[in-house]
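All remarks here apply to the structure that follows.
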Amino acid sequence: MPDTWISPERVLMGPGPSNIHPRVLRAMAQQTIGHLDPHFLVLMDRVGEGLRHLFQTRNPVTLAISGTGMSGMEACLVNLVEPGDRVVVGVHGYFGERLVDLAARVGGEVTRVEVEWGRALDPAALIDAVRRVRPALVACVHAETSTGVLQPVEEIAAAAREAGALMLLDTVTSLGGVEVRIDDWGVDAAYSGTQKCVGCPSGLAPVTFSERAMERVRRRSTRVPSFYFDLALLSQYWGTERIYHHTAPANMLFGLNEALDMIAAEGLEVRYARHQRNARALRAGLQAMGLRLFADEAYWLPSLTTVCIPEGVNDLPVRQALLRDWNLEIGGGLGPVRGRVWRIGLMGHTSSPANVLYALHGLHSVLAGLGVSLPDGLAAAAQALEASA
Ligand SMILES: *Cc1c(COP(=O)(O)O)cnc(C)c1O
1 MPDTWISPER VLMGPGPSNI HPRVLRAMAQ QTIGHLDPHF LVLMDRVGEG
51 LRHLFQTRNP VTLAISGTGM SGMEACLVNL VEPGDRVVVG VHGYFGERLV
101 DLAARVGGEV TRVEVEWGRA LDPAALIDAV RRVRPALVAC VHAETSTGVL
151 QPVEEIAAAA REAGALMLLD TVTSLGGVEV RIDDWGVDAA YSGTQKCVGC
201 PSGLAPVTFS ERAMERVRRR STRVPSFYFD LALLSQYWGT ERIYHHTAPA
251 NMLFGLNEAL DMIAAEGLEV RYARHQRNAR ALRAGLQAMG LRLFADEAYW
301 LPSLTTVCIP EGVNDLPVRQ ALLRDWNLEI GGGLGPVRGR VWRIGLMGHT
351 SSPANVLYAL HGLHSVLAGL GVSLPDGLAA AAQALEASA
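Residue 182 in this note's numbering sits at position 182 of the sequence shown, with consecutive numbering throughout.
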């Protein structure tokens, strides 16, 4: 074995993680400080403010859980669901299935409202279920990373509120890349992850809880079954009490603070437009190559594009060649679309015109090497970039 190990310089265009801006990496390399150091408390307040801006919320309980996106999902469900509570989950892909799984694990009685993968949930079907079931919680995924679908949520959240239910939203692949408006949409709780559009390594899960959601947590008849994810305890550490709960991963928060500063400096609207523009160019390039996009066109997700693997082409050899010869990572399909689609992410710092052109060229070249000759997508992508410059 060599006596050092060096991370290869990948272009990360899978479903996450995405590439990290050098500013964020440098911020993370600063000296560690204690989790109750006055300087650290200043940083936590800044991170809270930055997350409120990003989530577009005034919720005082807005913080970063120490853990990946799944820990955010788990934190929301262990706090908001008690055994026997009715939960309506909209399922339009793999992460909707996970919401069902986790809600059931904490004793929720789950009603699923499903739609075929690649399509958006029908708000009418969800609203109907909410009125029929009268659940305590309604949950769905905003950006389905398994299908590349962006789900409109306003109508669903309004129906939840009308029925007296809380609305929970998975924003793991939307936050930082696609507009998220927690307060305007009437969403009561949301979670995300740092490694997709926010622009950090994985390891933190931003969450936000409305006053209504915190009221539900305080009025539980059973204790939250997890100490680590107990929002009442976590909010005592993140709030003014500053009561020790766990040793916060300081360097991860250095990185998140820097990423949030960069997001604020870029501006939310400009950032969303950048994700939209690059995704448009990628899709134009893929379509010019004669490839078919998997998701329903009306709901295309800017941070992740799903493209159908052409007839007769094997998934794995293509992705392996991209990684080996091009240092380029893209994702394969999950569950029912495994081997049928590729998932190409353009998230955070990775969302750039250069990466769009690089990936299109790499894919074209790898397919040609395997004897699949397709038209070139570069001109179409460049044209799309110019059209929206
Ligand atoms: C990635 C992802 C998750 C899980 O996040 P991890 O950081 O992998 O734990 C949850 N929901 C969606 C929509 C995701 O894309």
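All C-beta atoms in this analysis are idealised placements derived from N, C-alpha and C, irrespective of residue type, glycine included.
Checking the DSSP bridge columns, you'll see M167 partnered with V138.
Placement of the Cβ of V337 at a distance of 8 Å or more from every heavy atom of ligand 1 is found.
Straight across, the Cα-Cα distance linking S235 with C308 is about 44 Å.
The DSSP-derived three-state label of F209 is strand. With respect to L121, C140 sits close: the two C-beta atoms are nearer than 9 Å. Beta-bridge analysis with DSSP links A190 to L169, T208.
By alpha-carbon distance to D296, the top candidate from L150, L12, A159 is L150. The closest heavy atom of ligand 1 lies less than 8 Å from the beta carbon of A205. Residue state for V110 is assigned as strand, using DSSP reduced to three classes.
Relative to ligand 1, even the nearest heavy atom lies 8 Å or more away from the CB of S66.
In the structure shown, W238 adopts helical secondary structure according to DSSP, grouped into three states. Per DSSP, the continuous alpha helix (DSSP H) segment holding G285 begins and ends at 268-288. The Cβ neighbour count for N59, taken over all protein chains shown within 10 Å, is at least 16; the residue is labelled buried.
Between the stretch 333-344 and the stretch 300-317 there are three or more inter-stretch CB-CB distances shorter than 8 Å, so the stretches are counted as touching. Take V110, set aside five residues on each side of it, and the residues of its chain with a beta-carbon closer than 7 Å to its own are V87, V89, V100, A103, A104, in chain order. Using a C-beta cut-off of 8 Å, the stretch 163-182 makes no contact with the stretch 38-47, since fewer than three inter-stretch Cβ pairs fall below that distance. In the DSSP assignment, the residues bridged to L304 are G345. In this structure the stretch 149-163 does not lie against the stretch 21-39, because fewer than three pairs of beta carbons, one per stretch, are closer than 8 Å. As the crow flies, the alpha-carbon of G239 is around 42 Å from that of V356.
As DSSP reads the structure, E144 sits in a beta bridge with V149. Between ligand 1 and the CB of D170, the shortest heavy atom gap is smaller than 8 Å. In the three-state DSSP reduction, I330 falls in the strand class (E or B).
Cβ contact annotation for R10 (same chain, cutoff 6 Å, sequence separation greater than five): N327, E329, in chain order. One thing to note: V198 has its Cβ no nearer than 9 Å to the Cβ of G371. Assignment of M13 by DSSP, reduced to helix, strand and coil, places it in the strand class.
With 16 or more other Cβ atoms from the protein chains shown falling within 10 Å of its own Cβ, T68 counts as buried. Placement of the Cβ of P15 at a distance of less than 8 Å from at least one heavy atom of ligand 1 is found.
Nearest in C-alpha terms to S351, of all of A279, D261, A298, is A279. If the five residues before and after D315 are omitted, its C-beta is found closer than 6 Å to the C-beta atoms of I309, G332, G339, all from its own chain and listed in chain order. DSSP places V133 in the uninterrupted alpha helix (DSSP H) bounded by 123-133. With contacts defined as CB atoms closer than 9 Å, L360 and V318 fail to qualify as a contacting pair. Taking 8 Å as the cut-off, the C-beta of Q195 counts as close to a heavy atom of ligand 1.
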